[in-house]
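Visitor:
In the numbering used here, the protein residues as written are 198 to 382.
Here it is as structure tokens:
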């Protein structure tokens with residue numbers, strides 16, 4: 198299936214990085230950020246809200262965990278994917294409830310072509326942070342690659358449920374539904 202204009206922004210969401218401090222998906226500020234993201238019409242403001250959400254998700258509870266997150270992200274950026282998996286695995290071992298650690302490792306698995314491992318880590322990510330639109334979009338991309346358009350559409354619908362500002366994704370969902378022989382819901 199050809200990749201349309203929404204693919205690059207979704208991949209960027211998966212790879213997004215930010216400076217770390219103290220927060221994680223447990224930060225109560227996320228509720229307000231998501232509420233505004235779902236209701237705002239201004240694309241510039243929506244992009245700022247998305248960035249604020251990512252910056253919150255990526256923050257760890259301690260300096261040690263922050264250092265591991267940064268190390269893994271640098272390894273990922275330098276295409277040292279095996280090292281990044283090891284680093285994110287260490288981070289997960291130390292902080293098993295840190296959703297973004299699971300998401301980052303899922304992203305590395307995706308980049309390595311290990312879709313089963315990526316899906317497993319995505320499932321853990323969304324169990325910890327059900328609003329994780331980056332994880333949902335990653336799952337959609339994987340389902341597409343696996344030739345499962347109905348499952349891809351469902352994952353992308355979850356993406357839009359939490360972040361309705363992904364250009365072209367609604368139209369792409371309709372194409373996936375058509376490919377799966379489903380009617381518009």
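Even for Gly, the Cβ is constructed at its ideal location relative to N, Cα and C.
In whole angstroms, what is the alpha-carbon distance linking residue 243 and residue 362?
Guide: Against the chain shown, residue 243 aligns to sequence position 46. Against the chain shown, residue 362 aligns to sequence position 165. Approximately 7 Å, taken between the alpha carbons.
Visitor: Report the three-state DSSP secondary structure of residue 264 (helix, strand or coil).
Guide: The count along the chain shown starts at 1 and reaches residue 264 at position 67. The answer is helix: DSSP assigns residue 264 an H, G or I state.
Visitor: Buried or exposed: which applies to residue 318, given that a residue is buried once 16 or more other Cβ atoms fall within 10 Å of its Cβ?
Guide: Here residue 318 refers to the residue found at position 121 when the chain shown is read from its first residue. Per the 10 Å Cβ criterion, buried.
Visitor: Tell me whether the beta-carbon of residue 324 lies closer than 7 Å to the beta-carbon of residue 337.
Guide: Numbered from 1 along the chain shown, position 127 holds the residue referred to as residue 324. Numbered from 1 along the chain shown, position 140 holds the residue referred to as residue 337. No, the pair does not count as a contact, with Cβ atoms beyond the cut-off.
Visitor: Excluding five sequence neighbours on each side, which residues of the same chain lie with their C-beta closer than 7 Å to the C-beta of residue 224?
Guide: Within the chain shown, residue 224 is the residue found at index 27, counting from 1. Closer than 7 Å at the Cβ level, and outside the excluded window around residue 224, lie 253.
Visitor: What does the alpha-carbon distance come out to for the pair residue 236 and residue 229?
Guide: Taking the chain shown and counting its residues from 1, the one referred to as residue 236 is at position 39. Taking the chain shown and counting its residues from 1, the one referred to as residue 229 is at position 32. If you take the alpha carbons of residue 236 and residue 229, they lie about 11 Å apart.
Visitor: Between which two residues does the alpha helix (DSSP H) harbouring residue 316 extend?
Guide: Locating residue 316 in the chain shown gives position 119, counting from the first residue. Its alpha helix (DSSP H) spans residues 312-325.
Visitor: Is the segment 274-283 touching the segment 256-263, taking contact as three or more C-beta pairs under 8 Å?
Guide: In short, these stretches do not touch, since the Cβ pair count stays below three.
Visitor: Can the beta-carbon of residue 377 be found less than 7 Å from the beta-carbon of residue 346?
Guide: Position 180 of the chain shown, counting from 1, holds the residue named residue 377. Position 149 of the chain shown, counting from 1, holds the residue named residue 346. Result yes, Cβ atoms of residue 377 and residue 346 sit closer than 7 Å.
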